[in-house]
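Worksheet: one structure, shown below.
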Amino acid sequence: MEKNPAIVDLHQVDTIYEGEKIPVIHDINLTVKKNDFLSIIGPNGAGKTTLLETINGILSYTAGKGKVFGKQIKKHKNSIRKHTGYVIQNFEIEPRAPFLCKDVVMSGRSGKIGLLRFPTKKDWDIVWKSMGLVGMIDYANRAVGKLSGGEFQKILLARALAQEPDLLLLDEPFSNLDFSARNQIEILLNRVHDQYKTTIVMVSHDLTFLPTRCNRLIVMDKGSIVMDDTKDNVLQSDLVHSLFPKGGKQ
Amino acid sequence: MTTLPLFFLLPSILGAVLAGFVCSTMGTFVVRMNLSSIGYCMSHAAFAGAAFGILISIDPMISAVLFAFATALVLGPLSEKARLESNVVIGFLFSVMIALGFIFLSLKPGEAATGRALSILWGSLFSVNYDNVLLLSLLSFALLVFVIVFYKELVAVMFHRKLAESAGINTKMFYFAVLFFTGFAVALSLKLVGGLLVFALIVNPTSTAYQFFYDFKKIMIISPVIGILSCLLGFYLSLIADFPIGAAIVIVSATGFAVSLIVSPKRKKGFFLKSKQKLDSSYK
Ligand SMILES: Nc1ncnc2c1ncn2[C@@H]1O[C@H](COP(=O)(O)OP(=O)(O)O)[C@@H](O)[C@H]1O
Ligand SMILES: [Mg+2]
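Protein chains in written order, with this note's numbering: chain R, 188 to 437; chain V, 94 to 377.
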């Protein structure tokens, strides 16, 4: 393993879903360095979620080479995941789900704490801190099913933060949120990126809402990366205007 | 009936308490993970297995465990993929197991209508002996250790399997642990409750507990309490009214669930609207 490896390093990666024949994403080359903050944009079905789940090994790539933290994804899935937070897309919790917010947030740490170990006071302190960061500390003993969409999204984010991740993968974290909740989460992501030097890879299909500290955009279309440049360059390109004819508003 | 000396009933009473404990503890996982149809199939496989044991004259409990495990091994990986085939295979295996059970019983001359054969179908008050009690105690102990030691992983997996996986938990291991514990619980409770009804003891107490609590820890504690109470009450009902024990336990636990649906604080607003939402719709 080299010194200072890239956080994510994908080389000619294809991912095929089980039972399918055609790769959903193909020939993906992507390097993410420490403390990068990038957004993957592209139309629905472009393969953005598939790419995120290839990075944390939920889906296995079928061709090419993939490393995270300098380690091969396929061989070191669990150790990579312990340092990688993930917020999945469009997760709607059923109203009667039997979990308290604090337990959901703690569940993000459970892999990191490791088998045969009980959460210590330090682990709980980190849980309280994460809930404080997203402004949900008063909800610790509330049932997750009773939260609004925005509150639940914050709990999911706190859950990922409780992991103290080096890499944060966020799949459309702003969907289902109203304007003020979006603003709060944006401020929060900027702060996490700044204070903890967390590397953030975010998926978005709304060009009108990109956090200020996000300075790199990856454009995906039909399973390929078609552009990878600074935010300004991408937003001014003709390609983006053709992919997002309505200006990216949902 | 009530003049029976206590020592004569003691193994059955202990058996009822332990069966209530193991079945309804597993229920908390089975219900949340949407494994009801697999579990249902496993309980019928256990019945077929017990019938096979009677046919070849080995302890029916051993063959019941083996059949239940074989079912888990076939259905576990299939359902994990959440593909269409799994439902088809579950329906297929379910009927095959019942049919096999009856064939095994009929193949043993003079066995089909005996108490022993009938007891694996709908349970029996007096078929529980101290060997059963010992096995059920061991299983209860193992289950208790499993739940305490892996509590944080279990909560993570129950909340959302993919998120648990993405946080570095080997969720497959827990998925199969739940299936195998369920297989044991079903097979060892078979003599008391019977193969046709044992699965109700897994689902009913948990479903009742789910009506009242939003905290997984409370459900984990209350569900076995309800399960044990159902078994003891069913036991009493069976004793005084001469009902088959399995049926009595199921009627008691189902009544508990029905009452809980009516009084549940979770359903205060519009019972009929909300009851259509499946409890575990977001579990993937
Ligand atoms: N489990 C699956 N099995 C087969 N194909 C899938 C699966 N999930 C997604 N796909 C397909 O992969 C493509 C990309 O999906 P996805 O990565 O979710 O896109 P995006 O997140 O950019 O909207 C879509 O065409 C979708 O139909
Ligand atoms: Mg997506």
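Yeah, the Cβ is synthetic: ideal placement off N, Cα and C, and Gly gets one too.
Tell me whether residue i is buried or exposed, calling it buried when 16 or more other Cβ atoms sit within 10 Å of its Cβ.
i, result
"Ser150 (chain V)", "exposed"
"Arg304 (chain R)", "exposed"
"Thr271 (chain R)", "buried"
"Ile212 (chain R)", "buried"
"Asp196 (chain R)", "buried"
"Val352 (chain V)", "exposed"
"Glu246 (chain V)", "buried"
"Ala334 (chain V)", "exposed"
"Gln350 (chain R)", "buried"
"His428 (chain R)", "exposed"
"Thr307 (chain R)", "exposed"
"Thr75 (chain V)", "What is shown of chain V runs 94 to 377, which leaves residue 75 (chain V) out entirely."
"Ile355 (chain V)", "exposed"
"Asn243 (chain R)", "buried"
"Tyr204 (chain R)", "exposed"
"Leu375 (chain R)", "buried"
"Pro317 (chain V)", "buried"
"Phe365 (chain V)", "Here the model assigns Phe365 (chain V) a pLDDT of 45, short of 50, so the residue's position is not dependable, and the following value carries that caveat. So Phe365 (chain V) counts as exposed."
"Leu111 (chain V)", "buried"
Sorted by chain position, which residues of the same chain lie with C-beta nearer than 6 Å to residue i's C-beta, five sequence neighbours on each side aside?
i, result
"Leu343 (chain R)", "Val274"
"Pro98 (chain V)", "none"
"Phe350 (chain V)", "Asn297, Ser300 and Thr301"
"Ala293 (chain V)", "Val343"
"Phe224 (chain R)", "His380, Ile387, Arg400 and Cys401"
"Phe361 (chain R)", "Arg369 and Phe396"
"Ile338 (chain V)", "Gly216, Leu218 and Ser331"
"Lys254 (chain R)", "Asp196"
By Cβ distance, which residues of its chain are closer than 7 Å to residue i, with the 5 residues on each side in sequence left out?
i, result
"Met135 (chain V)", "Ala161, Thr164, Ala165, Thr275, Gly276 and Val279"
"Gly108 (chain V)", "Val221, Asn225, Val226, Leu229 and Leu285"
"Arg209 (chain V)", "Ile147"
"Phe431 (chain R)", "Leu394"
"Ala157 (chain V)", "Ala139, Gly142, Ala143, Gly146, Ala280 and Leu283"
By Cβ distance, which residues of its chain are closer than 8 Å to residue i, with the 5 residues on each side in sequence left out?
i, result
"Ile412 (chain R)", "Ile215, Asn216, Leu217, Ile405 and Val406"
"Lys377 (chain V)", "Residue confidence for Lys377 (chain V) is low, a pLDDT of 47 falling below 50, so the modelled location carries little weight; the figure read from the coordinates is stated next. Excluding sequence neighbours, Lys377 (chain V) sits near Ala175, His253, Arg254 and Lys255."
"Ala266 (chain R)", "It is Ser, not Ala, that sits at residue 266 (chain R) in the sequence shown. Same-chain partners within the cutoff: Lys258."
"Gln199 (chain R)", "Asp214, Ile215, Asn216, Ala250, Gly251 and Lys252"
"Gly169 (chain V)", "Ile131, Tyr268, Phe269 and Leu272"
"Leu239 (chain R)", "Ile227, Tyr273, Leu356, Asp358, Val388 and Val390"
Please report whether the beta-carbon of residue i lies at a distance below 8 Å from any beta-carbon of chain R.
i, result
"Lys265 (chain V)", "no"
"Tyr268 (chain V)", "no"
"Val242 (chain V)", "yes"
"Ile262 (chain V)", "yes"
"Ile312 (chain V)", "yes"
"Leu193 (chain V)", "no"
"Val238 (chain V)", "no"
"Ala351 (chain V)", "no"
"Lys284 (chain V)", "no"
"Ala235 (chain V)", "no"
"Leu256 (chain V)", "yes"
Taking the alpha carbon of residue i as the reference point, which residue from the options has its own alpha carbon closest?
i, options, result
"Val123 (chain V)", "V:Ala347, V:Arg209 and V:Met313", "V:Met313"
"Leu236 (chain V)", "V:Cys116, V:Ile106 and V:Arg360", "V:Cys116"
"Phe101 (chain V)", "V:Ser323, V:Ile319, V:Leu354 and V:Tyr223", "V:Tyr223"
"Leu357 (chain R)", "R:Gln259, R:Phe339, R:Pro192 and R:Ile227", "R:Ile227"
"Arg369 (chain R)", "R:Ala284, R:Thr237, R:Thr395 and R:Leu354", "R:Thr395"
"Pro352 (chain R)", "R:Ile209, R:Thr236 and R:Phe256", "R:Phe256"
"Leu218 (chain V)", "V:Ile147, V:Val345, V:Leu325 and V:Phe309", "V:Leu325"
"Asn277 (chain R)", "R:Lys221, R:Gly336, R:Arg329 and R:Lys254", "R:Gly336"
"Asn191 (chain R)", "R:Gln423, R:Leu302, R:Glu205 and R:Asn222", "R:Asn222"
"Glu258 (chain V)", "R:Trp315, R:Phe366, R:Ser294 and R:Asp425", "R:Ser294"
"Lys299 (chain R)", "R:Val219, R:Ile372 and R:Leu348", "R:Leu348"
"Arg283 (chain R)", "R:Ala330, R:Asp290 and R:Ile313", "R:Ala330"
"Gly206 (chain R)", "R:Leu246, R:Thr236, R:Lys235 and R:Gly234", "R:Leu246"
Is residue i close to chain V, meaning its C-beta is less than 8 Å from at least one C-beta of that chain?
i, result
"Gln437 (chain R)", "Interpretation of Gln437 (chain R) is limited by its pLDDT of 46, a score under 50 that renders its predicted location unreliable; no figure is taken from the coordinates."
"Ile387 (chain R)", "no"
"Ala330 (chain R)", "yes"
"Asn243 (chain R)", "yes"
"Leu357 (chain R)", "no"
"Lys269 (chain R)", "yes"
"Ile275 (chain R)", "yes"
"Pro360 (chain R)", "no"
"Phe339 (chain R)", "no"
"Asn265 (chain R)", "yes"
"Arg400 (chain R)", "no"
"Phe256 (chain R)", "no"
"Phe286 (chain R)", "yes"
Within 8 Å of chain A by C-beta, residues of the segment 289 to 321 of chain R in sequence order: In the structure shown, chain A cannot be found, because the protein chains are R and V.
Residues passing the C-beta test against ligand 2 heavy atoms, cut-off 7 Å: R:Lys235, R:Thr236, R:Gln276, R:Asp358, R:Glu359 and R:Val390
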